[in-house]
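Input: a single structure, listed below in structure tokens.
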Amino acid sequence: MCGIVGLFLKDKSLEPQLGALLSEMLVTMSDRGPDSAGIAIYGSGKDKWSKITLQSRAPDADFTNLEKEISGHLGCNASLRQIDTHAVLNVPLDKVTEVREALATLRPDVKIMSAGEVIEIYKEVGLPRDVAARFDIAGMAGTHGIGHTRMATESAVTTMGAHPFSTGADQCLVHNGSLSNHNSLRRKLRYNGVHIETDNDSEVAAAYLTYKMGQGASLGEALETGLDELDGFFTFVVGTRDGFGVLRDPTACKPAVMAETDRYVAFGSEYRALVNLPDIDNARVWEPEPATVYFWKH
Amino acid sequence: MNENSKKTPPRTVPIQSSTFSNPINAEIRRAAATGIYDIRGGGAKRKVPHFDDLLFLGASVSRYPLEGYREKCETNVTLGTRFAKKPIELEIPITIAGMSFGALSGPAKEALGRGATLAGTSTTTGDGGMTEEERGHSKKLVYQYLPSRYGMNPDDLRRCDAIEVVVGQGAKPGGGGMLLGQKISDRVAEMRNLPPGIDQRSACRHPDWTGPDDLEIKILELREITNWEKPIYVKVGGARPYFDTTLAVKAGADVVVVDGMQGGTAATQDVFIEHVGQPTLACIRPAVRALQDLGMHREVQLIISGGIRTGADVAKALALGADAVSIGTAAMIALGDNDPRWESEYNALGTTAGAYDDWHEGNDPAGITTQSPELMARLDPVEGGRRLRNYLKVMTLEAQTIARACGKNHVHNLEPEDLCALTIEAAAMAGVPLSGTDWIPGTGGF
Amino acid sequence: MQIFDLEAEGLRTLNQTLQGQKDSTNQTSWEIVNPRGSHAIAVGLDAPIDVTVKGSTGYYCGGMNKQATITVKGSVGPGVAENMMSGKIVIEGDASQYAGATGRGGLLVIKGNASSRCGISMKGINIVVHGNIGHMSAFMAQSGNLVVLGDAGDALGDSLYEARLFVRGKVKSLGADCIEKEMRPEHIALLQDLLDQAGADAKPEEFTRYGSARELYHFNIDNAAAY
């Protein structure tokens, strides 16, 4: 069980504060999820370049020479910026697959958290306040972001078990609830060649969406079929390149609150998460309907 | 007459099918006739690995026993030390589990209260609210907070000694309460805000929270209403004891109650009782491990219930890591449920002493699981209270005897290493070696 | 008028102070500022006092209320007035799910919209919603009255016992055993009284009454699909 937060900025002047606003929302949701936390920030990107966020349990050993090694391997200039246990690797967009393969050989223990033109994902075990601090989320700028605080239900408390889960380029998912058929789905997806790292039910939902989109569905279509094929309780927030989407299951027992002004659209598992947003007292506050896909995009 | 027919050839011996046994065939016929599932009371009746499959090692050359009487073996337990301003102190590690007024008669609830108080322990209300009799006769009363919220009110919440948030029970993890029309008397109906004589349908989830993240907020609310005084228990059926215990602790519980499949109910579908939920023995170690993994063993207390019958069961549950146990069915039997003295009446009901479980019909000859004034009168609550107290005392003495034989001056000092198992299943479930070996199945990848 | 800053003084002090007011108190008027979405605000009160919350709250505002009049100048999270025993709670904004859950008495007025499961398992409370209510409202509602000036979502009154439901707008769908019923003079009078108490601008004649068909009161295999 968990807390979810999301923030989509309409007003560009708020972009430098995205990380600060989002991390404060995240920390407010610590009670709902004390085990681990994660955040996906959609920030700046360079045309025709991709950012790959990496995580390592031995960051100094793994990241120190990596920039040179990857550059050498690709025959072009990759750049790497390390933050605590994570690192953001910038590579040309058309080299992403090559880089994934290279990483598998060069650094088999390093995990890929996300890949995309503008997305960066940071997640670790620990209290949300500590996770946000170690990555200096508050100092990050961006157009939109989603975050998650986790109270693990049936799978282990690990870095990889934390949300957000990457579902594709510039896409990710966070989940509050409990899926009841995730084991069968995991088996089917693995059979179809989808890589699933953990026993976490949320990761299965992310893998399901990735798989469906790989088969040609749009994110919206994949979410719609998900209503039938995913059993259990869920509120999903999915991050996309241009914005975010929200979906609640038909029973809609897990909470979800939205707030909108002409400067932003925000999501929180509780209203409490939203109270420090600018001009919240005049925002339109409402709850998303069950079994309905919502999207906001730039 | 033909010569050959005088010598009847040997016949094959009739063989009953294990799969299509007589009870199963009778049930199929009953279902075909009535079109309704079988509803009954009690817990799982079929044989499952249980405490009988465990043995204590006792004293030896390497371990020394305590003398009885002079060398004390303490039995007290404190529940609710984590957050509550007023934890509950019990003289014995055996409590009386939740059973509703409605399922049980008023005199039966009174008897339980009297007996528990004499023994220095607590009783628990059930899915019907708190009665004056029970509050009056039970010195320590745990008030259940259930999905139905029948009779729930802040005044009773404030005058109880602990609050038990019921997520589920062993007989039906995932099911709600059930009381059929025959037992919805005027008094029961009034307490539950229902029309008299109708079947009470059940909600299986709480009406205003779902999931441990919301439960945490609900527990906060209950504490705020009761000035943070009362220990808050969270009770679960034996489904996923490791995760359930972990989440109960994270949601802020003071005490976790895990009820295995042998735990009784007043009424539910037989198929639920026999086929959903795990044996009590299988639930204890995962629950204890969860507490240990969180560093909360003994900080958050664990109560185990479901088929506790004797002092040996009590001692074994404690040895496996529980802080206390709870009895329901056993308490009823001590009061006189299923007593052979009523055999002719059981026969008239189509059953026999020991097998009577149609408690939902309200015809209990022993006067315990009924609302009929005539039958209720058969149970003298004062006498019943004495019987319960005697029984609790015997269980306590038995547990002390065992603990002393294992060299313990407090029953809480019993540990898994004091045990061995007679079967592989029990060894695996309890996490103790198979007798005569060092082998604990399921550990070390084997 | 007592003003209480929740952010400065904390929830425990707030509830302890308000719960400490007895019937004879002369501190009858309270204002709570800076609620900031907090949970369990003004729960377990038991005195005829007036409490105004200036802002929006989290879960369980006014839980188990007795006698007090609580007004929230904002919106509330899940479970407002849960298990209310008596008194009056008025929400000027919207209410989240489970509003009035298992309530046993008193009046809950929601001037905006209520979400899903409004009046779930209600046991005597009266609820008046000026706006709409969400799905699964009045689920297993046992007694009391739910009045909705707007629309109702799916599965209204599923598994209903004896609670009365009055809806002026559209009902998306009715739940198991919930049927339309005729409005008789006693219902008109009852509804008029509730509308007056709630300051609602509507006439009883505009409403449709819904109640239990009572076919689930005794198990019958032919109704199995409804379970």
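Protein chains in written order, with the numbering used here: chain R, -4 to 293; chain Y, 111 to 556; chain V, 106 to 332. Glycine included, every Cβ here is placed at the ideal spot set by N, Cα and C.
Given a limit of 8 Å on CB to CB distance, which residues of the region 217 to 250 of chain R reach chain Y? Using a CB distance below 8 Å, the part of the region 217 to 250 of chain R facing chain Y consists of Phe228, Cys248, Lys249 and Pro250, ordered along the chain.
Mind reading off the beta-carbon distance from Lys286 of chain V to Tyr315 of chain V? Whole number of angstroms is fine, and I expect it under 8 Å. Confirmed, Cβ separation roughly 6 Å.
At the level of alpha carbons, what is the spacing between Gly258 of chain V and Ala251 of chain R? Looking at the backbone, the Cα of Gly258 of chain V and that of Ala251 of chain R are separated by about 17 Å.
For His247 of chain Y, does the three-state DSSP call read helix, strand or coil? In the displayed model, His247 of chain Y falls within a helix according to three-state DSSP.
Of all the CB atoms in chain R, is at least one closer than 8 Å to the CB of Gly438 of chain Y? Among the CB atoms of chain R, none fall inside 8 Å of the CB of Gly438 of chain Y.
Comparing C-alpha positions only, which one of Y:His316, Y:Pro317, Y:Ala313 and Y:Gly291 sits nearest to Pro306 of chain Y? Nearest of Y:His316, Y:Pro317, Y:Ala313 and Y:Gly291 to Pro306 of chain Y, Cα basis: Y:Gly291.
With 16 other Cβ atoms within 10 Å as the buried cut-off, status of Cys71 of chain R: Within 10 angstroms of the beta-carbon of Cys71 of chain R lie fewer than 16 other beta-carbons, which makes it exposed.
Looking at the structure shown, is Asn171 of chain R part of a helix, part of a strand, or coil, going by DSSP? Three-state DSSP puts Asn171 of chain R in a strand.
Euclidean distance between Cα positions of Val252 of chain Y and Arg192 of chain Y: Computed Cα separation, rounded: 17 Å.
What do you reckon, are the CB atoms on Leu16 of chain R and Leu2 of chain R nearer than 8 Å? In this structure, Leu2 of chain R lies closer than 8 Å to Leu16 of chain R by Cβ.
Can you tell me the Cα-Cα spacing of Ile342 of chain Y and Asp271 of chain Y, whole angstroms? Distance between the alpha carbons of Ile342 of chain Y and Asp271 of chain Y: 10 Å.
Using a C-beta cutoff of 8 Å, does Pro153 of chain V count as contacting chain R? For Pro153 of chain V, the answer is no, since every Cβ of chain R falls outside 8 Å of its Cβ.
For the ligand NAP, is there a heavy atom less than 7 Å away from the beta-carbon of Thr162 of chain R? The ligand NAP is not part of this structure, which contains no ligands at all.
Contact set for Met449 of chain Y: own chain, Cβ-Cβ below 7 Å, skip 5 residues either direction: Checking the sequence shown, residue 449 of chain Y turns out to be Asp, not Met. Spatial neighbours of Asp449 of chain Y in its own chain (CB-CB distance under 7 Å, excluding positions within 5 residues in sequence) are listed in chain order as Ala463 and Ala476.
Which residue from R:Asp57, R:Thr92 and R:Asp104 puts its Cα closest to that of Leu69 of chain R? That would be R:Thr92, whose Cα lies nearest to the Cα of Leu69 of chain R.
Determine the extent of the alpha helix (DSSP H) in which Leu484 of chain Y is found, giving its start and end residues. Note that residue 484 of chain Y corresponds to Glu in the displayed sequence, not to Leu. Run containing Glu484 of chain Y: Pro483 to Met486, per the alpha helix (DSSP H) assignment.
What's the gap between the Cα of Glu96 of chain R and the Cα of Val435 of chain Y? Their backbone Cα atoms lie some 56 Å apart in a straight line.
Excluding the 5 residues preceding and the 5 following Thr188 of chain Y in the sequence, name in chain order all residues of the same chain whose CB lies nearer than 6 Å to its CB. The answer, listed in chain order, is Pro197 and Glu199.
List, in chain order, every chain R residue whose beta-carbon is nearer than 8 Å to that of Phe353 of chain Y. Residues of chain R with a Cβ closer than 8 Å to the Cβ of Phe353 of chain Y are, in chain order, Thr148 and Glu149.
Under 8 Å Cβ to Cβ from Gly312 of chain V, same chain only, skipping five residues before and after it: list those, please. Looking at the sequence provided, one finds Phe at residue 312 of chain V rather than Gly. Hits under 8 Å: Val252, Phe271, Val272, Arg273, Met288 and Leu296.
Beta-carbon of Lys171 of chain V versus every beta-carbon of chain Y: anything under 8 Å? Yes, because at least one Cβ of chain Y sits closer than 8 Å to the Cβ of Lys171 of chain V.
When R:Ala147, R:Lys7, R:Ala286 and R:Asn176 are compared against Ser25 of chain R, the one with the closest alpha-carbon: With distances taken between Cα atoms, Ser25 of chain R lies closest to R:Ala147.
Give me the Cβ distance between Gly472 of chain Y and Lys219 of chain Y, rounded to the nearest whole Å; I'm assuming they're in contact under 8 Å. Not quite, the Cβ-Cβ distance comes to about 15 Å (not below 8 Å), so this is no contact.
Inspect the beta-carbon positions of Leu84 of chain R and Leu49 of chain R and report whether they are closer than 8 Å. Note that the C-beta distance between Leu84 of chain R and Leu49 of chain R is below 8 Å.
Determine whether the Cβ of His292 of chain V lies closer than 8 Å to any Cβ atom of chain R. Taking a beta-carbon distance threshold of 8 Å, His292 of chain V does not count as an interface residue toward chain R.
Within 8 Å (strictly less), CB to CB, does Leu357 of chain Y reach chain R? Interface with chain R (8 Å Cβ-Cβ cutoff): Leu357 of chain Y is included.
Collapsed DSSP secondary structure at Pro309 of chain V in the structure displayed: Residue state, collapsed to three classes: helix.
State buried or exposed for Phe130 of chain Y, treating a residue as buried only when at least 16 other CB atoms are found within 10 Å of its CB. Classification of Phe130 of chain Y: exposed, given that the 10 Å Cβ count is below 16.
Give me the DSSP bridge partner(s) of Phe161 of chain Y. Its beta-bridge partners do not exist; DSSP assigns none.
Going by DSSP in three states, Glu112 of chain V sits in which element: helix, strand or coil? Three-state result, Glu112 of chain V: helix.
If the criterion is Cβ atoms closer than 8 Å, does the pair Cys167 of chain R and Val94 of chain R meet it? Going by C-beta atoms, Cys167 of chain R is not nearer than 8 Å to Val94 of chain R.
Considering Cα atoms alone, identify which of V:Pro290, V:Leu261 and V:Arg117 is closest to Lys277 of chain V. Among V:Pro290, V:Leu261 and V:Arg117, the Cα nearest to that of Lys277 of chain V is on V:Leu261.
Please identify the residue among R:Tyr186, R:Ile78, R:Lys292 and R:Ser18 whose C-alpha is closest to the C-alpha of Ala32 of chain R. With distances taken between Cα atoms, Ala32 of chain R lies closest to R:Ser18.
For His144 of chain V and chain A, any beta-carbon pair shorter than 8 Å? The structure shown contains no chain A; its protein chains are R, Y and V.
Taking only the alpha-carbon atoms, compute the straight-line gap between Val276 of chain Y and Ser545 of chain Y and give it to the nearest angstrom. One C-alpha to the other measures close to 37 Å.
Give me the Cα-Cα distance between His139 of chain R and Asn195 of chain R, rounded to the nearest whole angstrom. When rounded, the distance between both Cα atoms is 25 Å.
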